[in-house]
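Residue numbers (my numbering): 7 to 294.
We put the CB at the ideal spot given by N, CA and C, even for glycine.
On a predicted model such as this, the values are computed, not experimentally measured, just so you know.
The structure under discussion appears below in the form of structure tokens.
Structure, rendered in structure tokens:
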């Protein structure tokens with residue numbers, strides 16, 4: 007499909023106004039939401055925006071392409087650049103002239119608030135269901151792409167220490183192949199802040215078809231990854247497209263995983279203690 011030239015990134019909101027009359031009624035509904043709430047729109051997933059505008063996701067895609075973008079993420083990136091100064095794009099609420107003590111306090115407040123919000127979002131029934139599934143797991147697969155892939159590796163290390171057979175992958179092709187090899191009794195934990203990473207969502211569908219149980223960690227309750235999940239665990243995150251992979255979002259993911267791992271360890275004390283002791287002894291000669 008041939009695409010028109012991508013519009014000037016500093017002019018996206020004006021571009022919407024200029025083409026508004028040529029849009030379909032559904033596309034105009036999308037435009038109305040973006041123009042009314044541009045600051046909020048940069049944090050919406052495609053599902054969020056389609057529900058807000060009361061249209062299908064295909065209407066959102068068509069709207070973006072009529073503006074000259076290849077897809078929704080490219081459109082959001084443009085709007086984010088349109089709204090923010092370069093410093094705000096990278097650092098959020100941190101100002102250029104903030105002293106170091108202020109920077110420390112602001113970052114600390116953001117991280118504490120994210121963990122507090124995640125604690126509020128974590129549903130007890132969902133946690134109990136996830137723990138029940140994990141307790142009976144044959145093998146755990148932690149999948150994540152990009153920054154969430156690093157969280158997957160952290161999770162593998164922690165769950166391995168308490169006695170689980172684990173794999174962690176962050177390469178899209180390897181994730182897909184691992185998903186195709188899962189079996190009933192395996193548990194796949196898909197980690198994605200947006201819940202819309204296609205490579206990860208596709209792998210969840212493959213693993214689901216193989217009979218594996220699926221747990222997903224995401225910040226968006228109606229994102230595509232949730233369609234294949236047996237359990238959804240919500241974590242707090244508020245990232246613009248230019249702030250993807252922020253440490254505060256990662257802290258939220260790790261916090262949720264820490265809750266799961268600790269609850270499992272308490273519920274299986276004998277196995278946990280034996281595994282912790284054996285793994286600790288295995289690396290004793292690695293330390294001075």
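* Asked: Which residues bound the alpha helix (DSSP H) around residue 78?
  -> 78-89
* Rounded Cβ spacing between residue 140 and residue 194 (contact assumed at less than 8 Å) -> In fact, because the Cβ distance is near 11 Å, the residues do not count as touching under 8 Å.
* To do: Using only alpha-carbon positions, find the residue among 89, 199, 73, 219 that is nearest to residue 188.
  => 219
* Please determine if the stretch 171-185 and the stretch 286-293 are in contact, where contact requires at least 3 C-beta pairs separated by less than 8 Å. => no
* Note down, in chain order, each residue of its chain lying with its Cβ closer than 8 Å to the Cβ of residue 259, except the 5 sequence neighbours on either side. => Take residue 259, set aside five residues on each side of it, and the residues of its chain with a beta-carbon closer than 8 Å to its own are 154, 157, 197, 199, 223, 241, in chain order.
* Asked: How big is the Cα-Cα spacing for residue 101 and residue 190?
  -> 51 Å
* In the structure shown, what three-state DSSP assignment does residue 131 receive? -> Three-state DSSP puts residue 131 in a helix.
* Asked: Is residue 205 near residue 151, with beta carbons less than 8 Å apart?
  -> yes
* Classify residue 215 as helix, strand or coil using the three-state DSSP reduction. => It is helical.
* Asked: With a Cβ-Cβ cutoff of 8 Å, do residue 234 and residue 214 count as a contact?
  -> yes
* Under the rule that 16 or more other beta-carbon atoms within 10 Å means buried, what is residue 147, buried or exposed? -> buried
* Measuring CA to CA, which of 225, 42, 203 is closest to residue 85? -> 42
* To do: Please classify residue 35: is it buried, with 16 or more other beta-carbons within 10 angstroms of its beta-carbon, or exposed?
  => buried
* Just tell me which of 164, 283, 273 has its CA closest to the CA of residue 142. => 273
* To do: Note down the Cα distance separating residue 262 from residue 125, rounded to an integer number of angstroms.
  => 8 Å
* Asked: Tell me which same chain residues have a C-beta within less than 8 Å of the C-beta of residue 67, skipping the five on either side of it?
  -> Taken in chain order, the residues that qualify are 52, 77, 78.
* Could you give the C-beta distance for residue 237 and residue 132, rounded to a whole number, given that I count them as a contact under 8 Å? -> Rounded, the Cβ-Cβ distance is 5 Å, consistent with contact.
* **Nearest to residue 83 (by Cα), restricted to the options 109, 28, 46** => 46
* CB-CB under 7 Å to residue 32, same chain, minus the five flanking residues each way: which ones, in chain order? -> Excluding sequence neighbours, residue 32 sits near 61, 65.
* Taking all protein chains shown into account, do 16 or more other C-beta atoms lie within 10 angstroms of the C-beta of residue 270, making it buried, or fewer, making it exposed? -> buried
* Tell me which same chain residues have a C-beta within less than 6 Å of the C-beta of residue 228, skipping the five on either side of it? -> 53
* Asked: With a CB to CB cut of under 7 Å and the five nearest residues on each side skipped, what residues in its chain are close to residue 44?
  -> In the same chain as residue 44, and ignoring 5 residues on each side of it, the C-beta atoms closer than 7 Å to its own belong to 19, 85, 89, in chain order.
* Asked: Tell me the DSSP bridge mates of residue 51?
  -> The partner list for residue 51 (beta bridge, DSSP) is empty, contrary to what the question assumes.
* Check whether the Cβ atoms of residue 231 and residue 201 sit closer than 8 Å, and answer yes or no. => Yes. Within cutoff.
* Between the beta-carbon of residue 212 and the beta-carbon of residue 182, is there less than 8 Å? -> yes
* To do: Quick one: residues in its chain with C-beta nearer than 8 Å to the C-beta of residue 277, no 5 flanking neighbours on either side, listed in chain order?
  => Hits under 8 Å: 168, 169.
* Three-state secondary structure (DSSP) at residue 192? -> strand
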